[in-house]
Amino acid sequence: MDLVNSILLSVLVFSPVLAILVMAFIPQHQGGVIKKVGVLGTLLPLLLSLYLFASFHYGSSNLQFVEKYDWISIPISFDQAGNPYGLEINYELGVDGVSMPLLVLTAIIATLAAVASWQIKKRLKEFFILFHVLLIGMLGVFAADNLFLFFIFFEMTLVPMFFLVGIWGYGEREKAANKFLLYNGIGSGIMLIAFIVLYLLLQTMNMEQISNALTTAGHPVASAITPELRFGLFLALFIAFAIKLPVFPFHTWMLKVHVQAPPSIVMIHSGILLKMGAYGVLRMGIGFFPEQAYQFATWLAVLGIINILYGAVLAYVQKDLKMVLAYSSISHMGIVLLGFAAMNTIGFQGAMFQIVSHGFISALLFFLIGVIWDRTQTSMIDELGGLAKSMPFVSGILLAGGMASLGLPGMSGFISEFFAFLGLFGKLPVMAVVGALGIVLTAVYLLRAILRTTFGPTPDRFNRLADAQPMEVIPMVVLLGFIILIGVYPAILGNPLQQTLKTIVPIVTGIGG
Amino acid sequence: MDTLFAYAWLIPLFPLLAFIVIVSFGRQLKEGAALVGIVLTGISFGLALLTFWERFQDGAANYKFNVNWLQVGDIVISMGFEVNQLNAMMLVIVTLVSLLVQIYSKGYMHGDERFPVFYQYLALFTFSMLGLVLSPNLLQVYIFWELVGVCSFLLVGYYYFKNEAKAAAKKAFIVTRIGDLGLFIAICLLFWWTGSFEYTQIFDSVALGKLDPWMITLAAILIFVGAVGKSGQFPLHTWLPDAMEGPTPVSALIHAATMVAAGVYLVAATFPLFIASDTALNVVAYVGGFTAIFAASIGLTQTDIKRVLAYSTVSQLGYMMMALGVAGAAGYVAGSFHLMTHAFFKALLFLGAGSVIHAVHTQNVFEMGGIWKKMPITALTFLIGCLAIAGIFPFAGFWSKEAIIGAVYGAHRFDLLIIALVAAFFTAFYMFRLFFLTFAGKPRGKHVPHESPAVMTGPLLILALLAIVAGFINTPYGPYLSDWLLASDTGTAISQVFGDEVAHAASWLQVVALLISIAGIVLAYLMYGKKKIPSDTIPETLPWLYQLSYRKYYVDELYHAVIVRPLGWIGVVLNGFDKYVIDGLVGLTAKIATGIAALHTKAQNGQIQSYGAMVLFGLLLLIIAISLTAQGGGLFGSGQ
Chain A
2 MDLVNSILLS VLVFSPVLAI LVMAFIPQHQ GGVIKKVGVL GTLLPLLLSL YLFASFHYGS
62 SNLQFVEKYD WISIPISFDQ AGNPYGLEIN YELGVDGVSM PLLVLTAIIA TLAAVASWQI
122 KKRLKEFFIL FHVLLIGMLG VFAADNLFLF FIFFEMTLVP MFFLVGIWGY GEREKAANKF
182 LLYNGIGSGI MLIAFIVLYL LLQTMNMEQI SNALTTAGHP VASAITPELR FGLFLALFIA
242 FAIKLPVFPF HTWMLKVHVQ APPSIVMIHS GILLKMGAYG VLRMGIGFFP EQAYQFATWL
302 AVLGIINILY GAVLAYVQKD LKMVLAYSSI SHMGIVLLGF AAMNTIGFQG AMFQIVSHGF
362 ISALLFFLIG VIWDRTQTSM IDELGGLAKS MPFVSGILLA GGMASLGLPG MSGFISEFFA
422 FLGLFGKLPV MAVVGALGIV LTAVYLLRAI LRTTFGPTPD RFNRLADAQP MEVIPMVVLL
482 GFIILIGVYP AILGNPLQQT LKTIVPIVTG IGG
Chain B
205 MDTLFAYAWL IPLFPLLAFI VIVSFGRQLK EGAALVGIVL TGISFGLALL TFWERFQDGA
265 ANYKFNVNWL QVGDIVISMG FEVNQLNAMM LVIVTLVSLL VQIYSKGYMH GDERFPVFYQ
325 YLALFTFSML GLVLSPNLLQ VYIFWELVGV CSFLLVGYYY FKNEAKAAAK KAFIVTRIGD
385 LGLFIAICLL FWWTGSFEYT QIFDSVALGK LDPWMITLAA ILIFVGAVGK SGQFPLHTWL
445 PDAMEGPTPV SALIHAATMV AAGVYLVAAT FPLFIASDTA LNVVAYVGGF TAIFAASIGL
505 TQTDIKRVLA YSTVSQLGYM MMALGVAGAA GYVAGSFHLM THAFFKALLF LGAGSVIHAV
565 HTQNVFEMGG IWKKMPITAL TFLIGCLAIA GIFPFAGFWS KEAIIGAVYG AHRFDLLIIA
625 LVAAFFTAFY MFRLFFLTFA GKPRGKHVPH ESPAVMTGPL LILALLAIVA GFINTPYGPY
685 LSDWLLASDT GTAISQVFGD EVAHAASWLQ VVALLISIAG IVLAYLMYGK KKIPSDTIPE
745 TLPWLYQLSY RKYYVDELYH AVIVRPLGWI GVVLNGFDKY VIDGLVGLTA KIATGIAALH
805 TKAQNGQIQS YGAMVLFGLL LLIIAISLTA QGGGLFGSGQ
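Just so you know, the sequences run in chain order A and B. Residue 2 is where the first sequence starts when you use our numbering, and the numbers rise one by one after that. Residue 205 is where the second sequence starts when you use our numbering, and the numbers rise one by one after that.
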């Protein structure tokens with residue numbers, strides 16, 4: 002077992018390679034086989050991630066399944082004591098209670114997105130190869146314990162994403178892909194600068210070591226870093242990940258992606274890629290610079306409130322269902338920011354729940370919009386209506402997904418929303434009240450969009466639409482199942498988070514308070 | 205484990221089981237779904253009765269059971285259930301009305317395409333409502349509070365293909381959610397102030413004076429905001445009349461007897477918090493009183509049989525709130541007591557209305573008339589319901605209304621007393637206006653009505669019986685319910701603040717109240733039964749007053765103009781801002797990027813000399829960097 006555990010993360014992260022290799026040998030024209038391999042290929046990381054979930058030790062706050070190998074070593078010179086030093090880049094993986102659930106989330110959403118890719122029609126082989134490369138990147142981001150490695154994996158998600166949007170998207174796909182690359186490129190650039198500075202300061206790229214050095218009082222190297230520089234680095238990291246999250250005003254790129262990308266890719270994008278931003282803010286922004294984050298908390302809350310209310314009001318006036326959900330994502334990511342701003346265990350827990358919960362919910366909703374588009378060739382609200390008659394199952398699931406999204410108890414959205422706000426009430430009660438208005442607005446825009454789509458008289462042209470097919474039922478039921486599971490039994494996610502958050506929070510509040 | 209209370213958690217579980225069974229096998233069950241719902245709810249009713257009975261015995265203690273649900277940091281959040289006086293009574297009301305409504309619906313919904321779905325929602329609602337009642341902590345209350353709300357939403361929108369139902373469902377959800385926000389904030393604040401969601405711990409903190417007075421007032425008022433939303437109190441009442449778009453049995457169960465009473469229940473359940481704040485109590489009393497008379501005055505002119513009943517419900521709920529708000533032992537008992545009697549007679553009236561609508565295919569009272577002979581059971585039971593709600597001796601409503609008026613009088617709140625009496629007059633008038641228009645006179649409808657089947661009239665008869673006798677559980681001569689309710693923890697808390705004397709209306713006041721109700725009935729008879737007074741007297745002489753009532757004081761129009769439309773405008777403005785200003789930033793960044801790229805293009809000029817210069821420059825930079833870092837702390841960190 003030790004052997005398995007010692008390479009588990011590497012195997013998990015690179016397991017999609019298998020599907021890529023197999024696909025390389027399948028001729029382009031055998032689309033059916035490629036699709037099957039594409040879906041089956043995602044089962045391997047899924048099973049491995051579930052194994053990871055099962056063998057994870059809840060009681061420990063340490064990194065688990067750690068792997069460390071020397072990788073790149075470029076000697077530069079000797080220091081005064083005569084020891085050689087230079088650029089040391091290690092291959093380091095490891096997970097804790099925060100990253101482990103995200104790995105599982107990634108694997109689950111990826112499998113379901115692969116199933117949802119069933120309706121992709123052109124250039125299947127390239128599609129699925131890029132899809133699996135993207136998957137490696139995402140898994141790597143959450144498993145990496147080294148800044149360099151993190152960066153490589155982070156970039157690894159950009160390139161396939163660019164092509165997946167640009168080739169397989171809807172009408173204005175190329176514009177969307179360009180905008181995606183431009184914005185994320187800027188984010189990566191800022192991130193890279195911050196990483197390099199961190200390396201130069203601390204002579205290590207190991208994330209745990211960086212975090213320890215920066216948060217240990219009187220650390221020989223780190224204590225020399227001025228508060229101003231720390232704040233600058235915190236801000237740089239925050240902006241880099243804020244673009245990804247996205248935080249107002251850096252959000253417009255993701256609207257285009259949400260509208261133009263094929264449904265299965267939006268599932269991944271909204272379900273996982275945005276979460277890399279939230280993960281980065283927690284792991285690096287707050288994890289590396291807790292004191293600065295603590296001082297910044299009020300601004301985090303302000304940004305969170307803007308995201309929530311701005312997203313909600315805009316979602317209310319959109320004419321395209323996809324745009325409603327895109328702005329809804331912005332609004333919901335505001336809740337993550339509020340959870341962070343709370344700077345206490347409850348708030349962080351809420352933020353983490355929101356990351357996972359929104360992953361499932363947005364994947365479900367975008368999948369459903371894909372299913373509806375498939376039949377009606379539209380996602381414009383004014384052109385839809387009365388779908389409940391011919392598509393009762395799809396309509397029912399859509400309503401359930403909407404209810405989850407607006408935070409109905411018994412579903413995951415409630416847990417995350419409740420704890421994020423509860424946490425914030427402990428620190429910034431007035432802000433929390435303002436942000437909580439979003440709870441009402443969310444109901445307003447979601448019910449408007451959903452009821453106009455499925456309720457009301459059914460136009461003749463929609464009388465004979467086919468309800469969900471078996472291949473479509475699977476993602477719907479599985480996603481809804483997870484949403485309800487977390488809603489009813491939140492400890493399944495809360496338990497792994499516990500210890501890790503418990504170690505982050507005292508550092509944050511201990512120094513700041 | 206010699207107490208039955210340990211099994212009280214089973215009471216909501218049977219309806220949940222019914223829900224799961226009907227969801228899984230609805231298509232096979234078809235109309236058999238009704239049987240599943242009825243049998244399992246019947247079991248719950250039996251258990252609730254047993255629980256209530258044991259609770260009624262002397263010396264029965266509260267029972268509470270908790271399990272850990274989620275740990276957050278060092279805080280353990282638990283879920284569980286509790287049996288006390290108040291909720292034992294609620295368990296019986298909810299299971300009984302739900303059972304009767306489900307039996308009734310078997311006939312009413314017969315032939316409906318989505319029959320199993322209807323029962324599925326009813327079962328989920330019953331589960332949620334029972335869960336709400338059994339909750340020992342505010343978080344759990346909130347969870348079920350939202351769930352009953354969503355069931356209400358689903359059932360109001362049951363006829364999803366109708367635009368009116370769609371709009372009504374949306375409105376029901378959103379307007380109540382505004383109230384829910386208050387409850388949500390109250391729960392969060394109380395958690396930070398008391399460290400718990402548990403009722404008992406919150407009440408202890410209040411009793412021990414750990415909370416500042418302003419905190420108690422704020423928390424109580426915020427909880428009341430939640431109750432205002434759910435119980436359709438002014439100014440969040442607008443959703444309840446629209447909710448009549450749902451099938452009539454739903455109106456009886458959810459929008460008359462149980463869910464809308466949840467707001468009253470919540471105030472009663474958190475009463476120790478309210479009695480610690482005079483301000484909060486006054487808010488409850490005046491909002492309740494105002495709603496009572498406000499809604500009753502709208503009920504006077506409505507023409508839709510269900511809407512009259514809906515405004516009547518709003519008004520009666522206001523009555524209950526007013527009773528709780530004047531507080532004291534009498535107010536607490538009167539509010540809870542009226543909640544019970546109202547559940548029976550209002551469910552009766554709605555089911556009776558459903559029976560009529562079923563027969564005449566219209567809801568407009570001016571298209572009814574002359575049904576008395578054709579539908580004797582419906583007519584008779586409806587009359588009993590009307591007498592009960594009008595507060596005629598010795599029907600159930602007489603006793604509970606007497607208790608409320610007595611409590612208001614006993615607290616020397618004469619302003620509220622006048623409101624209560626005027627509202628009682630209105631109530632008697634509009635109920636009998638409704639009765640005479642519907643059942644008396646000549647038929648004005650197109651359909652020839654027939655009496656409903658036994659499956660529908662049976663529940664009517666049972667509810668009619670309850671509307672007659674339920675009041676005797678608490679009369680000035682035998683205040684069983686009062687003594688029992690006050691033997692609770694809440695009762696103790698009340699007596700510490702207000703003393704334990706239960707005021708009753710003085711005999712003369714009872715007679716006055718009775719006479720006022722009779723006057724209302726007589727007036728209705730003269731106008732709509734005998735037609736001695738032309739019914740268009742008021743519309744003719746004071747048209748603006750009539751319009752004000754008929755148009756519901758234009759509250760909907762006001763909200764539309766002040767909230768809904770501005771929200772749309774803000775949205776449109778922000779949308780433009782997002783598109784042209786924020787997204788314009790992208791254009792700018794893109795230009796900057798191209799600019800930088802152009803610089804690079806210039807650098808790539810193919811001349812070896814310039815490349816060499818750049819290499820040299822780079823090397824120089826590198827050397828400087830290394831020599832700086834080699835001295836210790838690193839490039840930026842070297843503080844020496």
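Note that the Cβ used here is the ideal one computed from N, Cα and C, for glycine as well.
(request) Report the three-state DSSP secondary structure of Glu68/A (helix, strand or coil). (result) strand
(request) Determine the chain B residues that contact Phe456/A at a beta-carbon separation under 7 Å, and present them in chain order. (result) Gly361, Tyr364 and Lys370
(request) Below 7 Å between beta carbons is the criterion; list the residues of the region 394 to 428 of chain A that meet it against any residue of chain B, in chain order. (result) Met404, Leu409, Pro410, Gly411, Phe420, Phe422, Leu423, Phe426 and Gly427
(message) DSSP three-state label for Met162/A, please.
(response) helix
(request) Could you round the C-beta distance between Leu88/A and Ile77/A to whole angstroms and report it? I think they count as a contact, below 8 Å. (result) 7 Å
(message) Using the three-state DSSP reduction, which class does Ile830/B fall into: helix, strand or coil?
(response) helix
(request) With distances taken Cα to Cα, identify the nearest neighbour of Val40/A among Val267/A, Leu113/A, Ile370/A and Lys123/A. (result) Leu113/A
(message) So Thr1/A contacts chain B; which residues on that side make the cut at Cβ distance below 9 Å?
(response) As displayed, chain A neither begins before 2 nor continues past 514, which places residue 1/A out of reach and without an answer.
(message) In whole angstroms, give me the CA-to-CA distance for Pro247/A and Ala237/A.
(response) 15 Å
(message) On the criterion of 16 or more Cβ atoms from any shown chain inside 10 Å, does Ile21/A qualify as buried, or is it exposed?
(response) buried
(request) Just the C-alpha distance for Ile27/A and Ala115/A, rounded to the nearest angstrom, thanks. (result) 18 Å
(request) Using a Cβ cut-off of 8 Å (strictly closer), state whether Ile382/B contacts chain A. (result) yes
(request) Quick one: which unbroken alpha helix (DSSP H) runs of 4-plus residues sit fully inside the region 624 to 679 of chain B? Chain order, please. (result) 658 to 673
(request) Would you verify that the beta carbon of Arg174/A is, or is not, closer than 8 Å to some beta carbon of chain B? (result) no
(message) For a contact defined as C-beta to C-beta under 9 Å, what are the partners of Trp396/B on chain A?
(response) Leu423, Phe426, Gly427 and Pro430
(message) Determine, for Phe377/B, whether the minimum Cβ-Cβ distance to residues of chain A falls below 8 Å.
(response) yes
(message) Cβ closer than 9 Å: which chain A residues qualify as neighbours of Ala600/B?
(response) Per Cβ cutoff of 9 Å: no residues; Ala600/B is ~34 Å from chain A at best.
(request) Using a Cβ cut-off of 8 Å (strictly closer), state whether Thr459/A contacts chain B. (result) yes
(request) Using only alpha-carbon positions, find the residue among Lys69/A, Trp119/A, Leu423/A and Lys323/A that is nearest to Pro552/A. (result) Nothing in the structure corresponds to residue 552/A, since chain A is present only between 2 and 514.
(request) Kindly indicate if chain B contains any beta-carbon less than 8 Å away from that of Leu131/A. (result) no
(request) Can you tell me which of Asn213/A, Gln355/A and Gln350/A puts its alpha carbon nearest to the alpha carbon of Lys276/A? (result) Gln355/A
(message) Tell me which residues share the same chain as Met205/B and place their Cβ nearer than 6 Å to its Cβ, disregarding the 5 neighbours each side in the sequence.
(response) Only weak support exists for where Met205/B lies, its pLDDT of 45 falling under 50; the coordinates are left without a value.
(message) I'd like to know whether the C-beta of Phe388/B is nearer than 8 Å to at least one C-beta of chain A.
(response) yes
(message) Rounding to the nearest angstrom, what Cα-Cα distance links Phe154/A and Leu148/A in this structure?
(response) 10 Å
(request) Compare the C-beta of Tyr1/A against all C-beta atoms of chain B and say whether one is closer than 8 Å. (result) This structure gives no information on residue 1/A, because the portion of chain A shown stretches from 2 to 514.
(message) Helix, strand or coil for Lys122/A? Go by DSSP, reduced to three states.
(response) coil
(request) Tell me, please, whether the region 646 to 655 of chain B touches the region 732 to 752 of chain B by the rule of three or more beta-carbon pairs shorter than 8 Å. (result) no
(request) Sort out for me which residues DSSP pairs Ile287/A with in a bridge. (result) Answer by DSSP bridge pairing: none, since Ile287/A is not bridged.
(message) Tell me the rounded alpha-carbon separation between Gly233/A and Pro46/A.
(response) 38 Å
(request) Count the CB pairs spanning the region 423 to 430 of chain A and the region 345 to 352 of chain A that are closer than 8 Å, and state whether there are at least three. (result) yes
(request) Determine the direct distance from the alpha carbon of Leu208/B to that of Gly514/A, and round the result to whole angstroms. (result) Annotation note: pLDDT 36 at Gly514/A (below 50); position unreliable, coordinate value reported separately. The straight-line gap from Cα to Cα measures roughly 50 Å.
(request) For Gly495/A, go through chain B and note every residue whose CB falls closer than 9 Å to its CB, in chain order. (result) Leu274, Gln275 and Val276
(message) For Ser78/A, would you say it is in contact with chain B, using Cβ-to-Cβ distances shorter than 8 Å as the test?
(response) yes
(request) Could you tell me if Lys370/B is buried or exposed, where buried requires 16 or more neighbouring beta carbons within 10 angstroms of its beta carbon? (result) buried
(request) Give the interface partners of Val432/B over in chain A, defined as CB-CB distance under 8 Å, in chain order. (result) Neighbours of Val432/B on chain A: none; closest Cβ ~14 Å, over 8 Å.
(message) Just verifying my parser: in three-state terms, what is the DSSP assignment at Asn266/B?
(response) coil
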